[in-house]
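First residue of the sequence shown? That's 411 in my numbering, and the numbers climb one at a time after it. Glycine included, C-beta positions come from ideal geometry on N, C-alpha and C.
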Amino acid sequence: MQRDIGMEFMAASNYPPETRTDEQNGLPRPESPDNSTGPDKITFKLPSPEDTVYSSHSVYGGSGGSCGCEDPAADPEGFGGPNGRRSLFEILRTRRSIRRYSAEEISAECLSYLLWASCGISGESDEFRTAPSAGAIHPVETSLSIQNCSWLPKKDGIWRYNPTEHELSLVAEGIDAVAGLGRACMMQPQVLRAPVVFFWTAKPYRAVWKYGTRGYRDIFLDAGHICQNLYLAGVDADIGVCAINAFADEAVKAQLRLPEDEIVVYAASCGHKRR
Numbered sequence: 411m412q413r414d415i416g417m418e419f420m421a422a423s424n425y426p427p428e429t430r431t432d433e434q435n436g437l438p439r440p441e442s443p444d445n446s447t448g449p450d451k452i453t454f455k456l457p458s459p460e461d462t463v464y465s466s467h468s469v470y471g472g473s474g475g476s477c478g479c480e481d482p483a484a485d486p487e488g489f490g491g492p493n494g495r496r497s498l499f500e501i502l503r504t505r506r507s508i509r510r511y512s513a514e515e516i517s518a519e520c521l522s523y524l525l526w527a528s529c530g531i532s533g534e535s536d537e538f539r540t541a542p543s544a545g546a547i548h549p550v551e552t553s554l555s556i557q558n559c560s561w562l563p564k565k566d567g568i569w570r571y572n573p574t575e576h577e578l579s580l581v582a583e584g585i586d587a588v589a590g591l592g593r594a595c596m597m598q599p600q601v602l603r604a605p606v607v608f609f610w611t612a613k614p615y616r617a618v619w620k621y622g623t624r625g626y627r628d629i630f631l632d633a634g635h636i637c638q639n640l641y642l643a644g645v646d647a648d649i650g651v652c653a654i655n656a657f658a659d660e661a662v663k664a665q666l667r668l669p670e671d672e673i674v675v676y677a678a679s680c681g682h683k684r685r
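Next up, the structure:
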């Protein structure tokens with residue numbers, strides 16, 4: 411009988427674990443990685459409800475300050491939420507995977523919103539975030555491939571997100587680093603053309619420490635929650651999003667400069683919709 415690695419994984423991660431977890435054995439909780447290293451940083455202003463009134467004067471625009479959303483007055487059924495924003499019903503109804511993007515850059519304000527909405531801190535401690543996580547462990551980290559963004563000091567490069575400070579730190583500079591990730595993602599057009607591509611990675615032991623082998627499942631579930639948040643925020647900001655699971659893991663890992671104990675989990679491209 412042919413070996414089914416998927417079923418083996420499911421069996422190996424059954425709950426409860428067969429052995430005591432490291433948490434139960436009294437080992438200290440693993441620390442979150444320091445994502446604030448490096449001299450080149452971008453610190454964002456946290457979004458607020460007052461910022462996210464989508465109109466022709468929205469702060470979540472690209473060049474010119476408009477994010478391309480329709481005027482609420484022209485589409486009253488589509489903007490049933492407070493302050494003229496789309497209702498949750500409308501966001502869910504219109505969510506799609508968008509693969510074709512215009513050449514317009516994503517503004518700093520818009521990227522700040524997408525980062526915070528996908529996995530930002532929403533409470534007084536970093537355990538409270540916009541996306542749920544088993545045991546509030548939050549093992550999933552966010553890296554970004556960014557190109558053609560004029561507001562960045564290095565307009566092309568790879569950046570790492572620090573949710574505690576709501577800031578980005580430069581990992582690798584230049585279009586070659588961005589192009590390397592495109593190749594690692596099988597030259598998919600949406601990756602090559604997107605101004606921003608999210609990459610979600612994880613150090614498995616942060617989840618395994620608490621849940622044993624079951625923690626591996628939690629990592630993938632957590633990444634799914636984060637990606638769905640990005641989709642919904644994208645609809646809200648009129649930004650197209652497309653989830654990506656076709657990539658060469660080790661090649662992406664090398665381009666993101668990840669340590670040996672960190673794995674690549676998921677990705678998503680983002681850009682203004684091609685009209």
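Straight-line gap, residue i to residue j (C-alpha atoms, nearest Å)
i: P459; j: A643; result: 13 Å
i: P427; j: A527; result: 33 Å
i: G533; j: S560; result: 32 Å
i: A513; j: H682; result: 8 Å
i: T623; j: Y571; result: 27 Å
i: A661; j: E670; result: 13 Å
i: I649; j: T429; result: 45 Å
i: R413; j: A421; result: 13 Å
i: E433; j: V550; result: 19 Å
i: N558; j: D566; result: 6 Å
i: I453; j: L668; result: The sequence given here has Thr at residue 453, not Ile. Going by the C-alpha atoms only, they are around 22 Å apart.
i: W569; j: E575; result: 14 Å
i: C595; j: W610; result: 14 Å
i: T552; j: N655; result: 15 Å
i: I556; j: D659; result: 19 Å
i: G584; j: F499; result: 40 Å
i: V588; j: A582; result: 9 Å
i: C479; j: R495; result: A caution first: C479 carries a pLDDT of 40, below 50, which makes its placement in the model unreliable, though a value can still be read off. Going by the C-alpha atoms only, they are around 10 Å apart.
i: K451; j: A647; result: 24 Å
i: G545; j: R684; result: 40 Å
i: G435; j: A541; result: With the sequence shown as reference, residue 435 is identified as Asn, and Gly is not the correct amino acid for it. Cα to Cα, N435 sits roughly 28 Å from A541.
i: I501; j: A633; result: 20 Å
Whether residue i touches residue j by CB criterion (9 Å)
i: P573; j: D536; result: yes
i: P605; j: I516; result: yes
i: L554; j: V601; result: no
i: L591; j: L666; result: yes
i: H635; j: S497; result: no
i: R616; j: S423; result: no
i: S522; j: Q598; result: no
i: D628; j: I547; result: yes
i: R603; j: Y511; result: yes
i: Y621; j: T431; result: yes
i: R505; j: V618; result: no
i: R509; j: C652; result: yes
i: K613; j: P440; result: yes
Beta-bridge partners of residue i, as assigned by DSSP
i: C680; result: V606, V651
i: Y571; result: L578
i: A612; result: V550, I673
i: P555; result: Note on residue identity: the sequence assigns Ser, not Pro, to residue 555. Answer is I568, V607, bridged to S555.
i: R539; result: I531
Assigned exposure category for residue i - 16 Cβ within 10 Å defines buried
i: S507; result: exposed
i: Y470; result: The predicted model places Y470 with a pLDDT of 43, which falls under 50 and marks its position as unreliable; any figure quoted below should be read in that light. Looking at its Cβ environment, which holds 16 or more other Cβ atoms inside 10 Å, Y470 is buried.
i: L580; result: buried
i: A483; result: Here A483 scores only 37 on pLDDT, less than 50, and its place in the model should not be relied on; the value that follows carries that caveat. Looking at its Cβ environment, which holds fewer than 16 other Cβ atoms inside 10 Å, A483 is exposed.
i: F538; result: exposed
i: L437; result: exposed
i: G530; result: buried
i: L524; result: buried
i: L456; result: exposed
i: E519; result: buried
i: D586; result: exposed
i: F657; result: buried
i: L578; result: buried
Three-way DSSP call (helix, strand, coil) for residue i in this model
i: I673; result: strand
i: G416; result: helix
i: L525; result: helix
i: T504; result: helix
i: Y511; result: strand
i: K451; result: strand
i: F489; result: Low per-residue confidence applies at F489: pLDDT is 38, beneath 50, and the placement is therefore not dependable enough to give any value.
i: R627; result: helix
i: R593; result: helix
i: E583; result: strand
i: G475; result: Any reading at G475 must be qualified, since the residue scores a pLDDT of 36, below 50, and its modelled position is unreliable; no value is offered.
i: I516; result: coil
i: H467; result: Only weak support exists for where H467 lies, its pLDDT of 31 falling under 50; the value from the coordinates is given anyway. Reduced to three states, the DSSP call for H467 is coil.
i: E660; result: helix
i: P457; result: coil
i: P599; result: helix
i: W561; result: coil
Proximity test, Cβ basis, 9 Å: residue i and chain B
i: I556; result: Absent from the structure: chain B. Only one protein chain is present.
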